[in-house]
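For what it's worth, our numbering labels the leading residue of the sequence shown as 922, then goes sequentially.
Beta carbons: idealized from backbone N, C-alpha and C, even for Gly.
Data first, discussion second: the structure below is written as structure tokens.
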Amino acid sequence: ISAINAPPSYILAARAALTMQDPERARLALKGLEATGVRGPALTMQREAMEAGLATLEGRAVEAVNGFRDTGRRLKEEGMVLEVALNGLLSVQLLGSSNPDARGLGDEAREIFVRLGARPFIRQMDDALAEPSDERESVPSKVSERVEAPAPS
């Protein structure tokens, strides 16, 4: 990864790991981000959203809700519209649509995705909003199975 591409790549890797409910890989991605030495308000907010996701997976729901909500507010203040939506999507994917704070962030995110015409994200959001977290199974998804499969030689 080049120095210029490393920070956003680590954020994407952390987001993917959290979506697959893999806290170890999320932590590795955040450590990689930290090791780049790149700093700035946008990266700080993105990192904080990933840390809220980790809090969710570690059972610290109050910290997670506060993290997603506060990060979403600050992202909005900075005009980072896509990041506001991605923060809302991740909050619903991890906290579930039965969580009122996550639901609010998710509804706002869906509106943004519609405005942007981001159909794949709209589908992901609709799936997340339709499935409360307490009804989700804690088994690996097909995505995580593909990721963990050995590469063909």
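Cβ-Cβ distances below 8 Å link Val1005 to Gly993, Leu996, Lys997, Glu1029, Ala1030, Ile1033 in the same chain, with the five nearest sequence neighbours on each side left out; the list follows chain order. Spanning the alpha carbons of Arg1040 and Pro928 requires a straight line of approximately 26 Å.
In this structure, the alpha-carbon of Val959 lies about 12 Å from that of Leu951. Looking at the backbone, the Cα of Leu1026 and that of Ala1049 are separated by about 12 Å.
A Cβ-Cβ separation of about 17 Å leaves Phe989 out of contact with Ala963 under the 8 Å criterion. Nearest C-alpha to Ser923 among Leu939, Arg946, Gly953, Gln942: Gly953. When only Cα atoms are considered, Asn1008 and Ile925 end up about 23 Å apart. Under the three-state reduction of DSSP output, Met1046 falls in the helix class. Shortest Cα-Cα distance from Glu1052 to any of Gly1038, Asn1020, Arg1036, Leu949 involves Asn1020.
For Ala947 and Asp1047, the gap between their C-alpha atoms comes out near 24 Å. At a Cβ-Cβ threshold of 9 Å, Ala935 and Gly974 count as neighbours.
A residue is called buried when at least 16 other Cβ atoms come within 10 angstroms of its Cβ; Thr977 meets this threshold and is buried. Of all alpha-carbon atoms in Glu979, Met966, Thr957, the one lying nearest the alpha-carbon of Met1001 is that of Met966.
DSSP places Asn926 outside both helix and strand once states are collapsed to three, so it counts as coil.
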